[in-house]
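Only one structure is covered here, and it is reproduced in the block below.
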Amino acid sequence: MSNEQKSVGAYNLLFEAERERAFITGSEAVSEAVKRANIDMAIAYPITPQSESMHLVGDLYAQGYLKDYYRAENEFAVMAAIHGAALGGGRVFTATSGPGTLRAMEMFPVWAGSRQPVVCAFMCRGVALPPSIQPENIEMAFLLDTGMLMFHAENAQDYFDMILAAYAITEQPEVHLPVGVFADGFFVTHTREVVMLPPDNLKLDSYNSDYSPVPPFDMENPPARVTRDPLLNKSNFVSYAASASWHQEVLAAAERSRKYIDRFLGGSIEIENGDADILIIASGTAVSQSREAVKAMKLEGIDAGLIKVKSVRPFPEKEIAAATANASIILVPEFNAGGWLCREVKAAIDNNSRVVAGPRVFGGMPMPGEIIVDEVKKALAKSGGAVKR
Amino acid sequence: MSDKNIDIRMAGLGGQGVVTAAHILGTAVVSSGKYAVVNPFFGAEKRLAPTESYVRTSNDPIYDRGEILYPDIIMVFAPEVITLGKSHTMPFYSGLKKGGTVLINSQEAVLSEKDRAGLDQIGANVSYVPASKLAVEFTGTALATNMTMLGALCGAVTDLVSLELVLTAVEERFSGKTKVVASGTSAALDEALKNNFEKNAGLIEKNRTAINKAFEFTKGR
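Just so you know, the protein sequences line up as chains A and B, in that order. For what it's worth, numbering that gives the first Met the number 0 labels the leading residue of the first sequence as 0, then goes sequentially. For what it's worth, numbering that gives the first Met the number 0 labels the leading residue of the second sequence as 0, then goes sequentially.
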């Protein structure tokens, strides 16, 4: 029960508390994070494709770990209601997937616009392009400019850690933005693997909405005042200027989150063998598949390195530009057809003809290490031996 | 992508416990000190729809996930996987490594001549196991087919995991010590099943017997 848990700081829970092995799925890892996150309220909409995470969060409510929980009538209602709970000063959690994300779309910029530290887990799934409920992360492309922070988990361990870190990062008074914590459906949510967990008699210190840059719901102060009398309804210079400056403040808050991402996520990127001439840049499950490819290439005498992108928003432009400064071939494998990460990388670096866009798989198809290796070999052949092997 | 790994592809029909079998096998492998990563694949959850699950095992950490394209072992939980193409790959054995093992739950031969030729060509070791028959005989329900398939696997393959560890994993799973949630639907179903199990504590024992019988069936073949 939550009242038998001891409150500790996020740093202690994430980095100092001793951990034990558990063999659990990604969805169970989400529920283990929620169990330790001292959440006030969670709201669920259990359609397919979802994951069992919100079912398990419902179990946690029954066991007394959350103050309130209910099943809403659809995803839009979930995201609107969870916004209300956050406005009221609560620490909140929900999760969605693929089509559910799209149905709730209108609410995500609203969360950011009112500076609410909502944490939402996205179990990325196909979005009827054509109809599919299998893993792919195209929904992340649609969310890039909603104003929310976006972290992409490689595996169940990341998913557990990133959800707890999300609260620590966003509840900083100078941040206060919604955080989407993303994982590839099935590959993480339904996959059982070893996860190291801190004891479940520890929980995060409770959320103190007095430190919020916007006071809890109050009809006379922003943002509620703004919600009640939207600036856009007053067509004068002051209202436009206020709206625009508020928008700038949302963007600035994301910039200010970077130092807390360094502290609580251990950096926005992770580099393995970064001196290699061939670098793979990936996020989510594509990182795991790239690890297999790097291992296989090493056996063949091809020296390749890997950059794991943990924070997609804010995007680590400077870190990636610096890490790729000397690379000749930069490969961006992705679990979606659109190639959003590739576009982000190309926009962040100089001489972006070095970027190989792919391989890309979607609609639930696997990305065996072999197809990443094939792409590297093709790029090497094209470079005509100009690349150090 | 390494030779010392043993990768198992399980193919069956929705409702047969293909996903649960994989989670139990993974739990047993991890309890032996090795690494395992387990993941399923299915569409909308409905009975008799093609369902697959994948168990990767290794002495080293495993990163690879998703469908196993090049399995060492294929377990076919229902003949329809082969006869009706209820499989995520066609033919069902595509990608099987040379000298790989195939376990088919059927009381009669179901392979076409073409399939047999294809399997012979890669030197596959094919066994039929009457897993559903054994399940009905010793537990009273074909729902325990996943149990007998695990027993048969332990009998047929000796270097993966011991029968004892599988039996322990089964016991833990049904006694609620470890919670194996295969999917949202089965999480709800489990609650109903648990009540039944509480009324019928002997079912674990029945499952043990069925697993042992299937083990004996394939052992030394």
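Heads up, the beta-carbon is just placed ideally off N, CA and C, and yes, glycines get one too.
Per-residue contacts from residue i into chain B (C-beta, under 8 Å)
i	result
residue 366 of chain A	65
Range covered by the alpha helix (DSSP H) that runs through residue i
i	result
residue 208 of chain B	201-217
residue 290 of chain A	284-298
residue 19 of chain B	17-30
residue 255 of chain A	236-255
residue 157 of chain A	155-169
residue 370 of chain A	368-381
residue 342 of chain A	339-347
residue 334 of chain A	No alpha helix (DSSP H) holds residue 334 of chain A; DSSP gives it neither H nor E.
Short CB-CB distance (under 8 Å) between residue i and chain B
i	result
residue 388 of chain A	Residue placement at residue 388 of chain A is flagged as unreliable, the pLDDT there being 49, under the threshold of 50; the coordinate-derived value follows with that caveat. False, the Cβ-Cβ gap to chain B never drops below 8 Å.
residue 406 of chain A	The question about residue 406 of chain A has no answer, for chain A in this structure spans 0 to 388.
residue 7 of chain A	no
residue 190 of chain A	yes
residue 291 of chain A	yes
residue 331 of chain A	no
residue 284 of chain A	yes
residue 308 of chain A	no
Min CB distance residue i to chain A below 8 Å
i	result
residue 2 of chain B	Here residue 2 of chain B scores only 47 on pLDDT, less than 50, and its place in the model is too uncertain to base an answer on.
residue 90 of chain B	no
residue 39 of chain B	yes
residue 12 of chain B	no
residue 36 of chain B	yes
residue 127 of chain B	no
residue 109 of chain B	no
Rounded Cβ spacing between residue i and residue j (contact assumed at less than 8 Å)
i	j	result
residue 8 of chain B	residue 62 of chain B	Wrong, their Cβ atoms sit about 18 Å apart, outside the cutoff.
residue 70 of chain B	residue 6 of chain B	5 Å
residue 117 of chain A	residue 82 of chain A	7 Å
residue 98 of chain B	residue 124 of chain B	7 Å
residue 175 of chain A	residue 211 of chain A	6 Å
residue 282 of chain A	residue 249 of chain A	Between residue 249 of chain A and residue 282 of chain A the Cβ distance is about 23 Å, and since that is not below 8 Å, they are no contact.
residue 164 of chain A	residue 263 of chain A	4 Å
residue 160 of chain B	residue 28 of chain B	5 Å
Bridge partners - residue i, DSSP secondary structure assignment
i	result
residue 304 of chain A	A:278
residue 70 of chain A	A:43
residue 74 of chain B	B:9, B:102
residue 93 of chain A	A:119
residue 129 of chain B	According to DSSP, residue 129 of chain B bridges with nothing at all.
residue 39 of chain B	B:52
residue 124 of chain B	B:100
Contact set between residue i and chain A, taken where Cβ atoms lie within less than 7 Å
i	result
residue 42 of chain B	132
residue 26 of chain B	22
Proximal chain A residues relative to residue i, where beta-carbon distance stays under 9 Å
i	result
residue 68 of chain B	365, 367, 369
Extent of the continuous beta strand (DSSP E) to which residue i belongs
i	result
residue 6 of chain A	5-7
residue 49 of chain B	49-57
residue 203 of chain A	201-203
residue 151 of chain A	148-151
residue 57 of chain A	Segment 52-61 is the alpha helix (DSSP H) holding residue 57 of chain A; no beta strand (DSSP E) there.
residue 24 of chain A	19-24
residue 195 of chain A	191-196
residue 179 of chain A	178-183
Listed by chain order, chain A residues near residue i by CB distance under 8 Å
i	result
residue 169 of chain B	Correct list: empty, because the minimum Cβ distance to chain A is about 15 Å.
residue 29 of chain B	22, 193
Amino acids of chain B, ordered along the chain, whose beta-carbon sits closer than 9 Å to that of residue i
i	result
residue 443 of chain A	Past the edges of chain A, shown from 0 to 388, lies residue 443 of chain A, and the structure says nothing about it.
Beta-carbon neighbours of residue i, restricted to chain B and to distances below 7 Å
i	result
residue 186 of chain A	38, 64, 65
Below-8 Å beta-carbon distance, residue i vs any chain D residue
i	result
residue 4 of chain B	Looking for chain D here will not work: the only protein chains present are A and B.
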